[in-house]
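Worksheet for the structure shown next.
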Amino acid sequence: MMEHIKGIGASDGVAIAKAYLMIEPDLSFSDEKVTDTAAEVEKFKAAVNQSKVELTQIRNNAEVALGPDKAAIFDAHLLVLEDPELINPIEENIKNNQSNAAAALSEVANNFVTIFESMDNEYMRERAADIKDVSKRVLSHILGVTLPNPTLIDEPVVIIAEDLTPSDTAQLNKDFVQGFATNIGGRTSHSAIMSRSLEIPAVVGTKNISSLVKQGDFVIVDGIEGEVILNPDEATITAYKQKQSQFIEEKELLKQLVNDKTVTSEGKHVELAANIGTPDDLTGVVNNGAEGIGLYRTEFLYMGRDTMPSEDEQYEAYAKVLKEMNGKRVVVRTLDIGGDKELPYLNLPKEMNPFLGYRAIRLCLAQPEIFRPQLRALLRASVHGNLSIMFPMIATINEFREAKAILEDEKANLTKENIKFSDNIELGIMVEIPSTAAMADIFAKEVDFFSIGTNDLIQYTMAADRMSERVSYLYQPYNPAILRLVKQVIDASHKEGKWTGMCGEMAGDTTAIPLLLGLGLDEFSMSATSILRARRQIKNLSQVEMSKLAEQALNSSTQEEVISLVDAYL
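With full-length UniProt numbering applied, the sequence shown corresponds to residues 1 to 570, in that order.
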């Protein structure tokens, strides 16, 4: 039966395909004894062989999609399945103790994991993670359930999940993944941001989509209206295919603006830049006519792997982006890990409030062995283009000074080693914390630029977790309180002859753009797919009129009043 589920439109477009559930299956089992131990050993061997076939396919797909480094992880997993030290004790356990295959596997694997995790040797601790992964896969085959794996997808699908982590989304193959829908999340959750980078339609925050859809059900994802239709009838499919065609036609029309400058109706230029996560995003940046990179999220270099990226690996990634941007400004944000972005190999402590905890610049200043290689890699890459560096989560002027001092120290080290770097690197900060916005006049004397990270600035100002459905009504980008903070930051930078950009999702929001233009924002950085629509909008707006509109908005009482003001103008 056809069913409509409302959610939040996270990435524009329409996807029509079969559902692929990325939901962790139930891997619980009983520990009852078996009488036919020979049959149980065969059952275990069959599960091992199925796992080998599956891992070989995953390994080959990973090599094509992600390169040999990522594929090497699965080579290690295949070796675990060949290891008699692990396999023989499991078979012995079945034969001698009449254990069922699932119980025998779990007992032996857990013993190995405990031993390896307690060792000082980092290599052995990594082997514990391999055994956990491999034993989970074998267990799934013993129990006859499927572990989801995006690298195995080989037909058009719509992903259905509780949520998608950044490493999940990084593995999605755009040739087959047409769109996705999740139970949780909002427009600024990382799965939503990544869906816009990948240019695939997405609806998030549906609350219960994963419990309503079965594997293989036919699904429509309407990222424009924020709706998912389950088991649509023929008439609905036809209507949405037409909507899909119209969306694609509009995208083609917008392409005429690719090489245009972004100017207001009276000819004032503002910069439209793109947010990226990896060098692979550059195709979208170029195709959508970005005038620079306003945010390079370097944490994706560190994710979906077992160890820290080396200085040389980082240098290659940064140099590639700088070269391809051909002299256009590239603003690189230093490592912003923590909050909802975890690195398992860092073994960071679990925190009650990770968004307010040990993350971003706080982590980097406390662990310079992580921070220094990144700064060296950035400095070495700076000779290939127009690099600006910004530090995330700065709360006090001393944090900025300390981070800058480490950068200056690494410049001195590179000079001693006769390694060249640019002497024209702008140094800025993300403004995400209300204390920084309040002290913008002080910061503006020492930084070269500001970039306002509205995703966090809004949640900290409104004291409302942006991942929480229950307080999502407080995620208010147009609230006069937020607009006043934005104005304060822009005015402080202009007074010192500096510039202010915005790299939060608000920068590409059609309701926010007129207000931000009126407040004097110099650079709008957004998902590449939003750039041409924003350029068309700005061409039809007058800076002078928008200043008057922004003034009215600043003096409004509520977000609703501000939205009404903008709607009335537009």
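The C-beta atom is built at its ideal place from N, Cα and C for all residues, glycine as well. A quick note: this is a predicted structure, and the numbers were derived from the prediction, not measured.
- Excluding sequence positions up to five before and after Lys-411, its CB lies within less than 7 angstroms of the CB of Leu-379 and Phe-421, all in the same chain and listed in chain order.
- Using a 10 angstroms sphere on the CB of Val-566, the tally of other CB atoms reaches 16 or more, which defines it as buried.
- By the criterion of a C-beta distance shorter than 8 angstroms, Lys-18 is surrounded in its chain by Glu-155, Pro-156, Val-157, Val-158, Gly-216, Asp-217, Phe-218 and Val-219, once the five residues flanking it on both sides are discounted.
- By the Cβ neighbour-count rule, Ala-366 is exposed, with fewer than 16 other Cβ atoms within 10 Å of its own.
- Among the bridge pairs identified by DSSP, Lys-18 is matched with Val-157 and Phe-218.
- Arg-297 sits in a strand when the DSSP states are folded into three classes.
- Of the residues assessed, Asn-61 falls on the buried side of the cut-off, its CB having 16 or more other CB atoms within 10 angstroms.
- Contact fails between the stretch 469-478 and the stretch 228-243, because fewer than three Cβ pairs, one in each stretch, are under 8 angstroms apart.
- Across the set Ala-192, Val-145, Leu-375 and Thr-146, the C-alpha of Ala-192 shows the shortest separation from the C-alpha of Asp-168.
- Around the beta carbon of Met-2, fewer than 16 other beta carbons lie within 10 angstroms, which makes this residue exposed.
- Taken in chain order, the whole alpha helix (DSSP H) runs of length 4 or more contained in the stretch 272-319 are 282-287.
- Excluding sequence positions up to five before and after Glu-40, its CB lies within less than 7 angstroms of the CB of Val-34, Ile-94, Asn-100 and Ala-101, all in the same chain and listed in chain order.
- The way I'd put it, the stretch 174-185 doesn't touch the stretch 111-118; fewer than three beta-carbon pairs between them come closer than 8 angstroms.
- The beta carbon of Ala-47 sits closer than 6 angstroms to the beta carbons of Val-138, His-141 and Ile-142 from its chain, once the five residues preceding and following it are set aside; these are given in chain order.
- Per DSSP, reduced to three states, the secondary structure at Ser-525 is strand.
- For Arg-329, the enclosing beta strand (DSSP E) begins and ends at 329-333.
- For Phe-180, DSSP records a beta bridge to Ile-159 and Ala-202.
- Residue pairing from DSSP places Asn-386 in a beta bridge opposite Arg-329.
- The beta carbon of Pro-89 sits closer than 6 angstroms to those of Val-108, all from its chain and outside the five residues before and after it, given in chain order.
- The C-alpha of Ser-197 is placed about 7 angstroms away from the C-alpha of Asp-281.
- Within the model, the alpha-carbon separation for Thr-396 versus Thr-436 is close to 7 angstroms.
- If you draw a straight line from the Cα of Leu-515 to the Cα of Pro-477, it comes to about 11 angstroms.
- Boundaries of the alpha helix (DSSP H) harbouring Leu-212: 209-212, taken from the DSSP string.
- The three-state secondary structure of Glu-426, taken from DSSP, is strand.
- Per the C-alpha coordinates, the member of Ile-563, Gly-13, Thr-529 and Ser-556 positioned closest to Leu-272 is Thr-529.
- Fully enclosed beta strand (DSSP E) runs of no fewer than 3 residues occupy 426-431 and 449-452 of the stretch 405-492, in order along the chain.
- Each residue's CA atom was taken as its position, placing Leu-164 and Ala-481 some 31 angstroms apart.
- DSSP, read as helix, strand or coil, puts Leu-348 in coil.
- For Ile-458, the closest C-alpha among the options Thr-298, Ser-451, Leu-483 and Ile-442 is that of Leu-483.
- The C-alpha of Glu-92 is placed about 47 angstroms away from the C-alpha of Gln-314.
- Bounds of the alpha helix (DSSP H) holding Ala-101 are 101-117.
- For Thr-510, the number of other beta carbons within 10 angstroms of its own is below 16, and it is reported as exposed.
- The stretch 400-418 and the stretch 291-302 do not touch, with fewer than 3 CB-CB distances between them shorter than 8 angstroms.
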